[in-house]
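Undergrad:
Residue numbers (the working numbering), protein chains in the order written: chain X, 1 to 203; chain U, 1001 to 1159.
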């Protein structure tokens, strides 16, 4: 029964493959499940990847992405394309769900030897390297979620601070603060010298 | 003109990759880098952190996203979402609070309106208390205690 219903959706959603997001969301807001299925096809992988990166929990990413898309369906009638693109809107839903998930979940143990090893590195250097990478990986996962999201949007997805701000519903200044704090946390983890001013001299 | 202080703040925020910097600052940044050895040293220090962050972000992405890009994962997601949205509206609506159409102006100013509403209610409560107190006080000064204590009209004062 489920498969038959799904096949029916699949046949008609193909017809929406070339329609823009705004039109599909408008149709979804009026109850058109085939239109929404076309959106799931288009943005489902994005939602999965975002859920995995932001939550730091690969196992939970499927559930988070599913919940995010169902929320997008129930909120489709209220979606305003003038305020944000669909991906931006969806990213924000995913992020909020990841915040909830992080509050509820317990810290995960780092799996042993998940990093690839370079056989050319000596034993001592290898241990230092492993410790540093493990601690940096931990530090990344321990970042507050909005800092992690800012890093993800600017470093991984290549957005500007202004664009990242629109994704997170924050100002450019707020994104800059998030990035600066995230970098400072990671700098401390790597025990790098901070970038400070002493007496400032313009030279 | 970009100061060294501002340059360092931007470097600690955006790192050494000038493509990430605000477009408005890039021209001045390049000019400062040509003139200032300190600025160049600052950028070099940030490069090391950049490399580590880039590597960590990529490793995390690989670790976390393994398999999620596959057609099977997307298909599983499609089926799950399709099953959920086919449920009767009252079941799906549990996931989201009911939406009441609200004009855009009200939606945009809702926090201020809430504060105004609370302030108005508080002022009304204070005003009511003052009014009751004033009427009680006025009745007591006029000697009309019975009027003030009208809830017990049968009680008389015994000398």
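Ideal Cβ positions, reconstructed from N, Cα and C, are used throughout, including at glycine.
Measure the C-alpha to C-alpha separation of residue 168/X and residue 85/X and round it to an integer number of angstroms.
TA: Your numbering for residue 168/X matches position 168 in the first chain. Your numbering for residue 85/X matches position 85 in the first chain. Rounded to whole angstroms, residue 168/X to residue 85/X spans 12 Å at the Cα level.
Undergrad: So what does DSSP say about residue 186/X, is it helix, strand or coil?
TA: On the first chain, position 186 is the one that residue 186/X refers to. DSSP places residue 186/X in helix when its eight states are reduced to three.
Undergrad: Starting from residue 1027/U, trace the alpha helix (DSSP H) in both directions and tell me its first and last residue.
TA: Here residue 1027/U corresponds to residue number 27 of the second chain, with the count starting at 1. Start and end: 1023-1035.
Undergrad: Is DSSP giving residue 1051/U helix, strand or coil here?
TA: Along the second chain, read from residue 1 onward, the residue named residue 1051/U stands at position 51. The answer is helix: DSSP assigns residue 1051/U an H, G or I state.
Undergrad: Can you give the beta carbon distance from residue 186/X to residue 1062/U, rounded, assuming they're within the 8 Å contact cut?
TA: Along the first chain, read from residue 1 onward, the residue named residue 186/X stands at position 186. Along the second chain, read from residue 1 onward, the residue named residue 1062/U stands at position 62. About 18 Å; that fails the 8 Å criterion.
Undergrad: Considering only the beta carbon of each residue, do residue 93/X and residue 68/X sit closer than 8 Å?
TA: Counting from one through the first chain, the residue named residue 93/X turns up at place 93. Counting from one through the first chain, the residue named residue 68/X turns up at place 68. In contact: residue 93/X and residue 68/X (Cβ atoms closer than 8 Å).
Undergrad: Could you tell me the alpha carbon to alpha carbon distance between residue 1009/U and residue 1037/U, rounded to whole angstroms?
TA: Along the second chain, read from residue 1 onward, the residue named residue 1009/U stands at position 9. Along the second chain, read from residue 1 onward, the residue named residue 1037/U stands at position 37. Cα to Cα, the separation comes out at about 16 Å.
Undergrad: For residue 87/X, tell me which candidate among 20/X, 46/X, 154/X has the shortest Cα-Cα distance.
TA: Locating residue 87/X in the first chain gives position 87, counting from the first residue. Checking every option, the nearest Cα to that of residue 87/X belongs to 46/X.
Undergrad: To be precise: take each residue of the region 162-181 of chain X, compare its Cβ to all Cβ atoms of chain U, and keep it if any distance is under 7 Å. Which residues remain?
TA: Under the 7 Å Cβ criterion, the region 162-181 of chain X contributes 176, 179, 180.
Undergrad: From this set, 142/X, 184/X, 172/X, which residue's C-alpha is nearest residue 55/X's C-alpha?
TA: The residue given as residue 55/X occupies position 55 in the first chain. Measuring from the Cα of residue 55/X, the nearest candidate turns out to be 142/X.
Undergrad: Indicate whether at least one CB of chain X lies closer than 8 Å to the CB of residue 1132/U.
TA: As a first step, residue 1132/U is located in the second chain; it is residue number 132 there, counting from the start. Chain X contact via Cβ: absent.
Undergrad: Can you give me the C-alpha to C-alpha distance between residue 1068/U and residue 1042/U, rounded to a whole angstrom?
TA: Taking the second chain and counting its residues from 1, the one referred to as residue 1068/U is at position 68. Taking the second chain and counting its residues from 1, the one referred to as residue 1042/U is at position 42. So the two alpha carbons sit approximately 39 Å from each other.
Undergrad: Within this structure, are the beta carbons of residue 1060/U and residue 140/X separated by less than 8 Å?
TA: Here residue 1060/U refers to the residue found at position 60 of the second chain. Here residue 140/X refers to the residue found at position 140 of the first chain. Yes, these two residues count as a Cβ contact at 8 Å.
Undergrad: Between residue 73/X and chain U, is any beta-carbon pair separated by less than 8 Å?
TA: For the purposes of this step, residue 73/X is taken as the residue at position 73 of the first chain. For residue 73/X, the answer is yes, since a Cβ of chain U falls inside 8 Å of its Cβ.
Undergrad: Between residue 38/X and residue 73/X, which are expected to be in contact by the criterion C-beta below 8 Å, what is the C-beta distance as a whole number of angstroms?
TA: Reading the first chain from its first residue, position 38 is the one you call residue 38/X. Reading the first chain from its first residue, position 73 is the one you call residue 73/X. Between residue 73/X and residue 38/X the Cβ distance is about 12 Å, and since that is not below 8 Å, they are no contact.
Undergrad: Quick test of the definition: if touching needs 3 or more C-beta pairs under 8 Å, does the region 1004-1018 of chain U touch the region 169-184 of chain X?
TA: Yes, since at least three Cβ pairs between the region 1004-1018 of chain U and the region 169-184 of chain X fall closer than 8 Å, the two stretches touch.
Undergrad: Taking residue 1074/U as the query, report the chain X residues whose CB atoms sit under 9 Å from its CB, ordered along the chain.
TA: The residue given as residue 1074/U occupies position 74 in the second chain. Residues of chain X passing the Cβ test: 40, 41, 44, 45, 48.
Undergrad: Could you give the residue range of the alpha helix (DSSP H) that holds residue 154/X?
TA: Indexing the first chain from 1 puts residue 154/X at position 154. No alpha helix (DSSP H) holds residue 154/X; DSSP gives it neither H nor E.
Undergrad: What's the gap between the Cα of residue 13/X and the Cα of residue 42/X?
TA: Start at 1 with the first residue of the first chain, and residue 13/X comes out as number 13. Start at 1 with the first residue of the first chain, and residue 42/X comes out as number 42. Their Cα atoms are separated by approximately 11 Å.
Undergrad: Name the two residues that bound the continuous alpha helix (DSSP H) containing residue 88/X.
TA: Taking the first residue of the first chain as position 1, residue 88/X is located at position 88. Note, residue 88/X: alpha helix (DSSP H), 86-104.
Undergrad: Is residue 1045/U near the ligand HEM, judged by its Cβ being under 7 Å from some heavy atom?
TA: Questions concerning the ligand HEM fall outside what the structure shown contains, since it holds no ligand whatsoever.
Undergrad: Alpha carbon to alpha carbon, how far is residue 171/X from residue 78/X? Give it in angstroms, no decimals.
TA: For the purposes of this step, residue 78/X is identified with residue 78 of the first chain, where counting begins at 1. For the purposes of this step, residue 171/X is identified with residue 171 of the first chain, where counting begins at 1. Rounded to the nearest angstrom, the two C-alpha atoms are 23 Å apart.
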